[in-house]
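Taking it in order: structure first as structure tokens, then the write-up.
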Amino acid sequence: MSRKILIVGAGFAGVWSALGAARVLDLNGKTDDVEITLISPKPEIVIRPRLHEQAPHEMSSPLLPLLEAAGVKFIEAEVERIDTSSERVVHARTSDGRHISVPYDRLVLTSGSKLNRPPVPGLLENAFAVDQLSDAVKLDLHLTELGDLPDSPARNTIVVVGGGFTGLEVATELPERLRSLHGADARFKIIVIERNEEIGPDLGPKPRPMITEALASMGIEFQLGSGVVAIDENGVLTAAGKRIEAKTVIWTGGMIASGLTAQVSSRLDRQGRVEVTGDLRVVGTDHVFAAGDVAMALTDDEGHYSLMSCQHAIFMGRFAGHNVAADLVGVPTLEYRQPFYATCLDLGEWGAVYTEGWDRQVLLTHDEGKARKRMINTQWIYPPAANRAAALEAGNPEMVYG
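Position 344, counted from 1, in the sequence shown is what UniProt numbering calls 344; the numbers after and before it change by one each time, with no gaps.
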């Protein structure tokens, strides 16, 4: 009877875990002895970092051809409960409502993250988002239909809540996007609200002059030091007591890990991520691994930990897939390390800012930065698997960027 590897979640980390595990089995002649299964609600991978762009419905790709070529099985279902006891079984619900149980010998948790939606009055009912594909499509339809509403300050005002990486990319994409929808003369006020005292608080001081320059060049306002405390269908109220009339409010208030992490460990960080060992095994277990947004993993010898980004998810997924298969067939596991770190912040028609290092040294801006961003989106993160694998084997560190 075949032993079973089960991978929960079909994001970047999950897909690369499946491919990494399949490679180990193939190299060790164990393809007939071990079965790899990926379980996720849909047989597709969503290009989540690009959901803020136009045509978000195009930001997904089917997985079944890739998985079939790699010898990986797929189960279309949503995992509800993970049993890590001696029974080692996952309980899930299929799209038609059936409850199924899936046994495993080794498990890789790659169930990703979701937008943090705190109990702000009116947030769930009135705010848009770009977190999931359905969120982005809903926002896209709303932006398209704005022209059907009566002309008013509220119709023509868009509030982006959160001035971090996602909020900035959302806000700076909007001017050109709205002109394409409503004509070159379309005039919308875009306001970014950030509760911290600096714009882009997690990006550090070095890219900040370029960020403020880009916002100013597009006429995008930003308000700092006071978060949003209430949202209704006509606008927002800030903690400072300021009312802003707006028919469009987009929430980008940070990420939290999938709730499944609490089912495999009690050692979670403030974002709900599990603590893992060097080979990405969940601390306290001998048969559960984790990668991507659900894992808090040390990336180098200087104390830097992985972030919720495809940059880390892809590379971590490859290590987790290798290690889960290696552990099962009795070959050495590998210690995850990813010392190269970079960011590329898209700033709409202004361009982009590309930085390297944890201190974010700015290397490219404006059109050069934009060219790098396009390269990342089209050639580095999402190329054909064979091309990417070859580049990674060649040792190009930038290819692990995301």
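Glycine included, every Cβ here is placed at the ideal spot set by N, Cα and C.
What's the call for residue i, buried or exposed, on a 16-neighbour Cβ count within 10 Å?
| i | result |
| --- | --- |
| LEU124 | exposed |
| ILE199 | buried |
| ASP279 | buried |
| GLY272 | buried |
| ASP367 | exposed |
| GLY9 | buried |
| ALA214 | buried |
| ASP327 | buried |
| THR378 | exposed |
In three-state terms, what does DSSP make of residue i?
| i | result |
| --- | --- |
| HIS52 | coil |
| ASP202 | helix |
| ALA313 | helix |
| TRP251 | strand |
| GLN361 | strand |
| ASP232 | strand |
| GLU197 | coil |
| GLN223 | strand |
| HIS304 | coil |
| ALA10 | coil |
| ARG179 | helix |
| LEU237 | strand |
| ARG23 | helix |
| GLU87 | coil |
| SER60 | strand |
| MET210 | helix |
| ARG318 | helix |
| LEU149 | coil |
Could you check whether residue j and residue i sit closer than 7 Å to each other, using their CB atoms as the reference points?
| i | j | result |
| --- | --- | --- |
| ILE191 | VAL159 | yes |
| ALA13 | GLY292 | yes |
| residue 403 | MET218 | The structure shown does not extend to residue 403, since the chain spans only 1 to 402, so no value can be given for it. |
| GLY204 | ARG360 | yes |
| VAL137 | PRO56 | yes |
| VAL229 | VAL161 | no |
| GLY348 | THR172 | yes |
| ALA22 | VAL72 | yes |
| residue 408 | ARG3 | Residue 408 is absent from the model: the chain starts at 1 and stops at 402. |
| VAL170 | LEU51 | no |
| ILE231 | ALA127 | yes |
| CYS344 | PRO49 | no |
Please go through the same chain and pick out, in chain order, the residues whose beta-carbon is closer than 8 Å to the beta-carbon of residue i, but skip the five residues on each side of it.
| i | result |
| --- | --- |
| ILE100 | ILE75, ALA77, HIS91, ALA92, ARG93, THR94 |
| VAL331 | VAL24, ASN28 |
Cutting at 6 Å between CB atoms, please list the residues of its own chain near residue i, excluding the five before and the five after it.
| i | result |
| --- | --- |
| VAL108 | ILE7, SER17, PHE289, ALA320, VAL324 |
| LYS247 | ALA154, ARG155 |
| GLY20 | ARG318, GLY321, HIS322 |
| GLY259 | none |
For residue i, list the residues DSSP reports as bridge partners.
| i | result |
| --- | --- |
| PHE289 | VAL108, ARG281 |
| ASP346 | ALA352 |
| ILE5 | ILE36, ARG106 |
| THR94 | ALA77 |
| LEU268 | VAL274 |
| SER101 | HIS91 |
| VAL192 | VAL160, PHE222 |
With a CB to CB cut of under 7 Å and the five nearest residues on each side skipped, what residues in its chain are close to residue i?
| i | result |
| --- | --- |
| ARG337 | THR299, ASP300 |
| ASP33 | SER2, ARG3 |
Please indicate yes or no: does the CB of residue i lie closer than 6 Å to some heavy atom of the ligand SAH?
| i | result |
| --- | --- |
| PRO43 | The ligand SAH is absent from the structure shown, which contains no ligands of any kind. |
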